[in-house]
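For the sequence shown, full-length UniProt numbering gives the first residue as 1, with consecutive numbering after it.
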Amino acid sequence: MKATDGKVAWLGKDLLGMKADEWREVRSDIQMIFQDPLASLNPRMTIGEIIAEPLRTYHPKLSRQDVRDRVKAMMLKVGLLPNLINRYPHEFSGGQCQRIGIA
1 MKATDGKVAW
11 LGKDLLGMKA
21 DEWREVRSDI
31 QMIFQDPLAS
41 LNPRMTIGEI
51 IAEPLRTYHP
61 KLSRQDVRDR
71 VKAMMLKVGL
81 LPNLINRYPH
91 EFSGGQCQRI
101 GIA
């Protein structure tokens with residue numbers, strides 16, 4: 001759906017007016033946070049696997065331990081205890097699932 005009014009900006013840059021090559025520069029720095037977090041998290045993956053997925057995609061040379069350490073650090077940043085890393089999305093509240101999506 002094309003925007004009819006308003007502005008979508010990130011760090012002072014108008015996202016709606018960007019060209020494809022400009023998008024490439026910012027795409028890895030932004031992400032979509034969906035309103036229904038349970039619908040956007042894979043129920044068959046642990047939250048550790050969910051949070052690790054983009055790390056493995058964008059940093060394929062990281063060791064398993066480095067990925068795990070970064071996942072735990074991200075969990076702490078969003079207010080989730082690292083010892084919950086092997087739990088599944090259905091074991092969390094809606095607010096916690098949103099934080100998983102942010103992590």
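Ideal placement from N, C-alpha and C gives every residue a C-beta, glycine not left out.
Just so it is clear, the structure is predicted and the values come from calculations on it, not from any experiment.
Taking the C-beta atoms as reference points, leucine 38 is found nearer than 9 Å to proline 89. Taken in chain order, the whole alpha helix (DSSP H) runs of length 4 or more contained in the stretch 15 to 67 are 20 to 27, 37 to 40, 47 to 58. Excluding five sequence positions before and after leucine 41, the CB atoms of its chain that fall closer than 7 Å to its own CB belong to Ile50, Pro89, Cys97, Ile100, Gly101, given in chain order. Counting of Cβ neighbours within 10 angstroms places isoleucine 30 among the exposed residues, the total staying below 16. Contact between threonine 57 and isoleucine 85 does not hold, since the beta-carbon distance rounds to 19 Å and is not under 8 Å. In the DSSP annotation of this structure, glycine 79 is not part of any alpha helix (DSSP H), being labelled neither H nor E.
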